[in-house]
Amino acid sequence: MMENWSIEGVERLQPTVVKQLQMIVSKNRIGHAYILEGAKGTGKEKVMQFFVQLLFCEDPVNNVPCETCRSCKRLKSFNHLNYMQLEPDGQFIKKGQVDELVHALSKTTIEKQRKIYVIHHADQLNASAANTLLKFLEEPQSEITAILLTDRMHALLPTIRSRCQHLSLSPMPTAILKQKLIEEGITDSMASTVCKMTNQVEEAISLAKDEQFGLVRKSVLKLVEANGRSVQDALMCIHEDFGSLLKEKEQAEQALDLLLFAYRDIVAIKASPIADCTFPDMISYWKQIALQTTYEQLSKQLEMILHAKQNLHKNMNRTLMMEQLMLNLQEGFTFV
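In terms of the working numbering, the sequence shown opens at residue 754 and continues consecutively.
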C-alpha cells in the first residue's frame, strides 16, 4: 500500500540523499529516470514524495517544497494530473499495467509541468513488464521523469539499472528508530536492544513485543551476571534457562548476538561512562565489570563469542557449545 503523503522529517531521515535531490532541482539537472534503493524503514516513500513535490512546487523556499501552492496541495490529495503511480497487481507488476502507464504518459494534459511516474516495488516487474519499461526508458522524453523504488536493487534488469541514476538510502538513524519505538509504547531499554537487532521499524516493533525474544534477552542478561560470579553459576544458568532457547537455531543466534552486544556495552562503558548501550538497564552492572576487566580481556571475550557464532553453523551440540563458551570467557582458554 502507498503511504499517506508526508515529507515531514525527511531531511533528518535521509540528509545526504535529500541534499543530492535539492542540488539536482536547483541546478535544473533533472534526469529522465531515478532508482531510490533502500531497505524497509529507510523512508523511500518519504524521499520520493519530497523529490516529486520539489519538482512540482511553484514556490519552493530554500529548496524545500512550500506545501501551500496549488501543485503541492494537489499532490497531497493525490489529484495531480501529471503524477502517476504503479504498484504490483498481486505478486507482480504486469505488462498490461506498464502498457497503460505508457499510454497515459503519452496523452496531453492541461498541466504544463513535467510528468512524473513512480513505480513502487520495481523489483516485482515481471519479465514482460520489465522489457516494456526498458523500451520506454530507452527513448527518454525530456519532460517525463521516472522514479523506481526498490529494496532489492539486484532484482532489477541490469539494462534498467544502467538507464537510471541510482540513489542509495542510508539505514535509519538509530536515534530516530528508537524514538519511533518509544512512541509505540516500547520501553527505552527494549527499544535500545531491538535497534541493534534490526533497522526496520515494523520488524523492530514486532521483535520488541515478541514474548520469546523478551525471554531470550532476559536469559542472556542473567547469564552474564551468573558468569560474573562463577563458571559454576554460568553452567547452571545454561541448563536452567537455555534448554528450550537452544533448540531453535534462530533463538540460539539471537542469544549469541545479544551476548556479543552485552560485552560490547562493557567495552563502550569502559571507554566512556555515558556511552549509548544496547542494554541501558544494565549500565550500573556494566560499570562494575568494566572496572575489573582490561581491554585485552574484553577483546578476547568478544573474539570467543564470535567464534561461538561461527560454530553455531557447524551443527555442534548447542548446549555443549554454550558450556565451552562460558569456560572460555571465564578462564581465557584457547579455542577448541
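Cβ atoms here follow ideal geometry from the backbone N, Cα and C, with glycine treated the same way. Keep in mind it's a predicted model, so treat the numbers as computed, not measured.
Leaving aside the five residues before and after Met946 along the sequence, list all residues of the same chain whose C-beta is less than 7 angstroms from its C-beta, in chain order.
-> Position check: residue 946 holds Thr in this sequence, whereas Met was assumed. Cβ neighbours of Thr946 beyond the five flanking positions: Arg970, Thr1031, Phe1032.
Which partner residues of Ser1037 appear in the DSSP bridge assignment?
-> Bridge partners of Ser1037: none, in fact.
Extent of the continuous alpha helix (DSSP H) run through Lys868 | Counted as a single uninterrupted DSSP element, the stretch harbouring Lys868 is not any alpha helix (DSSP H) but the beta strand (DSSP E) occupying residues 868 to 872.
Taking the alpha carbon of Lys772 as the point to measure from, which residue in Leu920, Thr1046, Pro924 has its own alpha carbon closest?
-> For the residues Leu920, Thr1046, Pro924, the minimum Cα distance to Lys772 belongs to Leu920.
Whole angstroms is fine: what's the gap from Arg1071's alpha carbon to Leu998's?
-> Rounded to the nearest angstrom, the two C-alpha atoms are 10 angstroms apart.
Roughly how many whole angstroms lie between the Cα atoms of Gln844 and Gln877?
-> Straight-line Cα distance between these residues: approximately 7 angstroms.
If we count the other Cβ atoms within 10 Å of its Cβ and call it buried at 16 or more, is His749 buried or exposed?
-> No statement about residue 749 is possible, as the shown extent of the chain runs from 754 to 1089 and does not include it.
Candidates Trp758, Met776, Glu820: closest to Lys797 by CA position = Closest by alpha carbon: Trp758.
Would you call Met754 buried or exposed, if buried means 16 or more other Cβ atoms sit within 10 Å of its Cβ?
-> In this prediction, Met754 has a pLDDT of 46, which is less than 50 and means its spatial position is unreliable; what the coordinates show is noted afterwards. By the neighbour-count rule (16 or more Cβ atoms within 10 Å), Met754 is not buried but exposed.
Check whether the Cβ atoms of Glu811 and Ser824 sit closer than 7 angstroms, and answer yes or no.
-> Between Glu811 and Ser824, the CB-CB gap stays under 7 angstroms.
Those residues which DSSP pairs with Met1075 across a bridge | Beta bridge pairing from DSSP links Met1075 with no other residue.
If Ala1015 sits next to Leu974, beta carbons under 8 angstroms apart, how far is it from one beta carbon to the other, in whole angstroms?
-> The Cβ separation is near 7 angstroms, so the contact holds.
Ile869 and Tyr836 look like a contact to me (Cβ under 8 angstroms); what is the Cβ gap, rounded to whole Å?
-> Rounded, the Cβ-Cβ distance is 6 angstroms, consistent with contact.
Beta-bridge partners of Glu790, as assigned by DSSP | Paired residues: Thr903, Ser921.
Per DSSP, which residues does Asp876 bridge with? Please list them.
-> BP columns for Asp876 are empty, so no partner.
Assigned secondary structure, Thr1046 (DSSP; H/G/I helix, E/B strand, else coil) = If DSSP states are grouped into helix, strand and coil, Thr1046 belongs with coil.
Would you list the residues sitting across from Phe845 in a DSSP beta bridge?
-> Note: Phe845 sits in a beta bridge opposite Asp842.
Between Met906 and Glu790, is the Cβ-Cβ spacing less than 7 angstroms?
-> The answer is yes: Cβ separation under 7 angstroms.
Between Lys962 and Asp842, what straight-line distance do the alpha-carbon atoms span, to the nearest angstrom?
-> The alpha-carbon atoms of Lys962 and Asp842 are separated by roughly 32 angstroms.
Boundaries (first-last residue) of the alpha helix (DSSP H) holding Arg1017 = Segment 1002 to 1024, the alpha helix (DSSP H) holding Arg1017.
Roughly how far, in whole angstroms, is the beta-carbon of Ile1022 from the beta-carbon of Thr1046, given that I think they are within contact range, below 8 angstroms?
-> Beta-carbon to beta-carbon, Ile1022 and Thr1046 are separated by about 11 angstroms, too far to satisfy the 8 angstroms threshold.
Sub-7 angstroms separation of Val871 and Gln850 beta-carbons = No; because the gap between Cβ atoms is not below 7 angstroms, this pair is not in contact.
What's the C-alpha gap between Val1089 and Leu1082?
-> Note that Val1089 scores a pLDDT of 38, beneath 50, so its modelled location is shaky; the value from the coordinates is reported in the next line. Roughly 13 angstroms between the two C-alpha positions.
From Val977 to Ala1008, what distance separates their C-alpha atoms?
-> For the pair Val977 and Ala1008, the Cα-to-Cα distance works out to about 11 angstroms.
Do three or more CB pairs link the segment 924 to 940 to the segment 884 to 904 at distances below 8 angstroms?
-> Fewer than three Cβ pairs drawn from the segment 924 to 940 and the segment 884 to 904 lie within less than 8 angstroms of each other, which leaves the two stretches out of contact.
Go through its chain and collect everything with a Cβ distance to Cys819's Cβ below 8 angstroms, but skip five positions before and after it.
-> So the list reads Cys810, Glu811, Asp812, Pro813, Cys825, once near-sequence residues are dropped.
Do you know how far the Cα of Leu834 is from the Cα of Ala857?
-> About 10 angstroms.
Counterpart residues of Met837 in DSSP-defined beta bridges | According to DSSP, which records beta bridges pairwise, Met837 is partnered with Tyr870.
Where Ile897 sits in the DSSP three-state scheme | Here DSSP, grouped into helix, strand and coil, assigns Ile897 to strand.
For Asp1010, the nearest candidate out of Glu892, Met950, Met943 (CA to CA) = When Glu892, Met950, Met943 are compared, the shortest CA-CA separation from Asp1010 is found for Met950.
To the nearest angstrom, how far is it from the Cα of Val954 to the Cα of Gln932?
-> Looking at the two C-alpha atoms, the distance is approximately 10 angstroms.
Neighbourhood of Val1091 by C-beta, 6 angstroms cutoff - its chain only, sequence neighbours within 5 removed = Residue 1091 falls outside the range modelled here, since the chain spans only 754 to 1089, and no answer is possible.
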